[in-house]
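Residue numbers (our numbering): 4 to 259. Built from N, CA and C at the ideal position, the CB exists for glycine as well. Working notes for the structure below.
This is the structure:
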């Protein structure tokens with residue numbers, strides 16, 4: 004197939020060459036996009052970062068950091084799914100998933116971002132009216148706020164993990180709703196630190212320590228589909244996230 008008419012004085016396209024131009028342009032643009040993605044400017048991110056995060060953690064930690072991240076990386080775009088369900092990150096074409104739940108054995112790559120222990124908390128007004136539990140058995144005397152995904156509260160007693168049945172006055176699928184219900188004085192809630200760190204700092208919630216039990220040590224994990232190639236946008240985001248968590252930890256540590 005001839006694409007050009009060539010003479011000693013000119014070079015012109017054939018009809019086939021004219022027809023091929025749109026395809027050639029598309030391929031050139033795709034190559035340029037791939038080069039920009041695979042070889043970005045040092046320290047800069049570009050392209051679409053497709054990610055998912057738990058709703059509570061996403062609202063309290065991830066969303067507040069996005070303005071600075073996007074300002075520093077003007078060619079970056081964010082596609083964020085806030086959901087407490089675990090999604091198929093490979094099937095959904097996601098770059099990274101932030102997870103709190105204990106990780107199951109998987110071929111996925113997981114990177115620990117920060118500790119995120121469970122804790123029991125309540126509003127000062129609730130504790131003033133109903134008293135503060137100090138033993139596991141005393142939880143039976145209190146109204147509790149339960150997440151649908153956590154049917155019984157996990158507690159560590161004598162070094163073993165138990166599942167404690169609680170009297171759920173409020174049951175919800177939403178971490179944000181559970182946190183709000185606790186702030187409103189509707190009962191005790193078992194959430195994770197990064198769900199309620201601001202409320203602990205401003206004393207709208209108070210952490211409750213049980214003498215005969217400790218809480219499960221969870222963590223924030225970044226889960227990625229592959230170890231061979233991690234896009235630069237993911238590395239830039241995770242670096243910013245770790246910086247955000249370090250800054251928040253420093254700001255709120257005294258109060259919490």
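Please go through the same chain and pick out, in chain order, the residues whose beta-carbon is closer than 7 Å to the beta-carbon of residue i, but skip the five residues on each side of it.
i	result
residue 58	85, 86, 87, 177, 178, 179
residue 174	149, 151
residue 20	6, 7
residue 107	none
residue 69	81
Return the CA-CA distance between residue i and residue j, expressed in angstroms with no decimal places.
i	j	result
residue 211	residue 103	21 Å
residue 117	residue 245	8 Å
residue 32	residue 22	Bear in mind that a pLDDT of 47 at residue 32, under 50, signals an unreliable position, so the number given afterwards is only what the model happens to contain. Cα to Cα, the separation comes out at about 17 Å.
residue 198	residue 130	20 Å
residue 60	residue 222	12 Å
residue 250	residue 218	24 Å
residue 165	residue 121	14 Å
residue 17	residue 9	10 Å
residue 185	residue 195	13 Å
residue 125	residue 209	5 Å
residue 159	residue 215	9 Å
residue 123	residue 139	11 Å
residue 112	residue 54	14 Å
residue 91	residue 226	11 Å
residue 83	residue 15	48 Å
residue 242	residue 51	17 Å
residue 110	residue 188	43 Å
residue 231	residue 224	18 Å
residue 74	residue 115	26 Å
residue 237	residue 72	12 Å
residue 247	residue 119	14 Å
residue 127	residue 182	14 Å
residue 220	residue 170	23 Å
residue 213	residue 141	9 Å
For residue i, which residues from the same chain have a beta carbon less than 6 Å from its beta carbon, with the 5 sequence-adjacent residues on both sides left out?
i	result
residue 78	49
residue 93	228
residue 76	47, 48
residue 190	146, 147, 148, 172
residue 239	48
residue 35	Reliability fails at residue 35, whose pLDDT of 48 lies under 50, so the model's placement of it is uncertain and the value that follows must be treated cautiously. Closer than 6 Å at Cβ, skipping near neighbours: no residue.
Just mark residue i as buried or exposed, buried being the case when its beta carbon has 16 or more other beta carbons within 10 Å.
i	result
residue 11	exposed
residue 4	exposed
residue 253	exposed
residue 143	exposed
residue 192	buried
residue 80	exposed
residue 162	exposed
residue 234	buried
residue 206	exposed
residue 168	exposed
residue 24	exposed
residue 56	buried
Between residue i and chain B, is there a C-beta pair that is closer than 8 Å?
i	result
residue 24	Absence of chain B from the displayed structure is noted, only one protein chain being present.
Please determine whether the Cβ atom of residue i lies at a distance below 7 Å from any heavy atom of the ligand FAD.
i	result
residue 9	This structure simply doesn't include the ligand FAD, nor any ligand for that matter.
With three or more C-beta pairs closer than 8 Å as the rule, is the region 85-93 touching the region 194-205?
no
So does the region 92-111 actually touch the region 130-139, counting three or more Cβ pairs closer than 8 Å?
no
Whole runs of the alpha helix (DSSP H) within the region 84-141, excluding any shorter than 4 residues:
127-133
Count the CB pairs spanning the region 62-79 and the region 154-163 that are closer than 8 Å, and state whether there are at least three.
Too few Cβ pairs lie closer than 8 Å, so no.
Of all the beta strand (DSSP E) runs that stay within the bounds of the region 143-183, which reach a length of 3 or more residues?
147-150, 156-160, 163-167, 171-175
Can you check the region 186-258 for any beta strand (DSSP E) of at least 3 residues that lies completely inside it and give the ranges in chain order?
191-195, 209-211, 222-227
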